[in-house]
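Counting in my numbering, the sequence shown tops out at residue 300, every number present. Every residue gets a Cβ at the ideal spot worked out from N, C-alpha and C, and that includes glycine.
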Amino acid sequence: MNQLLAIRAFARVVEAGSFTKAADSLDMPNATLSKLVQELEAHLAVRLLQRTTRRVTVTPEGQLYYEKTSLILRNLEDVDTSFNVARSKPRGHLRVDVGGSTASDVLIPALPDFMARYPDIRIDLGVSDRAVDMVSDNVDCVIRGGALDNSTLVARPLGQAQMVTCATPEYLKQYGVPAYPDELKNGHRLVAYVLAQSGRAMPFRFLRDGEKSEIKIEHRVGVNESNGHMAAGLAGLGIIQTFAYAARPALTDGTLVEILQPWRPAPYPFHVVYPQNRHVPHRLRVFIDWLVETLPNHL
2 MNQLLAIRAF ARVVEAGSFT KAADSLDMPN ATLSKLVQEL EAHLAVRLLQ
52 RTTRRVTVTP EGQLYYEKTS LILRNLEDVD TSFNVARSKP RGHLRVDVGG
102 STASDVLIPA LPDFMARYPD IRIDLGVSDR AVDMVSDNVD CVIRGGALDN
152 STLVARPLGQ AQMVTCATPE YLKQYGVPAY PDELKNGHRL VAYVLAQSGR
202 AMPFRFLRDG EKSEIKIEHR VGVNESNGHM AAGLAGLGII QTFAYAARPA
252 LTDGTLVEIL QPWRPAPYPF HVVYPQNRHV PHRLRVFIDW LVETLPNHL
């Protein structure tokens, strides 16, 4: 038995929660991975995983073994990296998850610079406003906006995006230009951004002279993806509150008009996050460093 390979195979099953996902991430046949785990269990004379047709559950012994061996794997990878980084160019495959408008308006326009710097790195972008399970979906890092609520992730700030409230000139001609946020309650049509995970509509937020307020009213249209949300505003379906970077072209050419400017919401923070219990390879380190250097100017 190749014990080191078997330990790595077992660790990926624990992290991915599935033999199939673990085999895919290791580029290994499912049968080979299963055999490695069985050999490891036989070597230890202990059951590490409980398998059923639907799920894989880590036994208490398996959890303890994972905690002890994952530290060894990380230390070994750090040793390898210390010898390789100095003399090699970063290369390999990165899987990055990013929200819709952040991808189309911020990351992708800036990405040619990164690809020119690191031609041996291949990137797959998962573009969606729906949160992913980074471990089970085998995602290297995620770019997300808003407050962070997962203490198991490492986060590096990427800057803040300004929020704007806007509508088409045709909409404002028909329904009028609100002078105060409370006027949104008087016959105006709002296009809500709906959280993909919960289905909850985000309230319209405002800030002036340090005083925050929220407007929660029934929306006429709700959209759970940021590019679609912008498209609904451009179609004249109602007033939207969105990122300034997404609305900038339409505001510049007059397709959209900003309203309630003195009550602009507080800036919206963005981070790049990745699992803290996973080794950070050289290709991911340089990508994260590039994001920290580049994205603040684009947000």
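Reference residue i, options the options, closest by Cα
i	options	result
R131	Y172, V195, V287 and E259	V195
M203	P170, G255, E171 and P266	P266
L154	V273, I289, T33 and L95	V273
A251	P170, A111, Y176 and T53	P170
P282	L77, T53, T256 and L50	L77
E259	A247, P270 and Y269	A247
S129	S105, L149 and D114	S105
E294	W264, P158 and K22	P158
D183	I216, K174 and A156	I216
P268	Q277, Q64, Y275 and A245	A245
S71	Q277, R249 and P113	Q277
G100	D290, F271, Y275 and W291	F271
H189	R201, R206 and A168	A168
K90	G160, Y119 and K69	Y119
L173	L261, L74, Q39 and K36	L261
V107	S227, P263 and A117	S227
V38	F205, L257, L6 and L65	L6
E212	W264, R201 and A12	W264
Exposure label - residue i; buried when at least 16 CB within 10 Å
i	result
N298	exposed
Y181	exposed
V178	exposed
I109	exposed
G63	buried
R56	exposed
T103	buried
R9	buried
T21	exposed
T166	buried
V47	exposed
A162	buried
L149	exposed
Residues that residue i bridges to, as DSSP identifies them
i	result
A162	Y269
I240	L191
V78	What sits at residue 78 in the sequence shown is Glu, not Val. Answer is none; E78 lacks a bridge partner.
D98	G127 and V143
V155	Y275
G93	I122
A168	V258
Cβ shell of residue i (< 6 Å), same chain only, five flanking positions each side left out
i	result
V192	V222, A233, G234, L238, G239 and I241
V15	V59 and Y67
D98	G127, V133, V140 and V143
L208	P266 and A267
R52	none
F115	W291
Close-in-space but distant-in-sequence residues of the same chain around residue i (CB under 7 Å, 5 per side omitted)
i	result
H230	V192, Y194, V224, I241 and T243
R92	D121, I122 and R284
S214	P182 and F207
S35	F20
Beta-carbon proximity list for residue i, same chain, < 8 Å, skipping 5 on both sides
i	result
Q198	R131 and A132
L95	I122, R123, I124, D125, D141, C142, R284, L285 and F288
A17	A23, S26, V136, S137 and N139
Q4	L41 and H44
A111	T295, L296 and H299
P30	A24
E219	none
DSSP-derived helix/strand/coil call for residue i
i	result
I218	coil
P113	helix
T58	strand
Q51	strand
A202	strand
Y181	coil
Y119	coil
E226	coil
L34	helix
R209	strand
A10	helix
V258	strand
G234	helix
P245	Note that residue 245 corresponds to Ala in the displayed sequence, not to Pro. A245: helix per DSSP, three-state reduction.
A104	helix
S26	helix
Cβ of residue i within 8 Å of any chain B Cβ
i	result
S71	Here there is only one protein chain, and chain B is not present.
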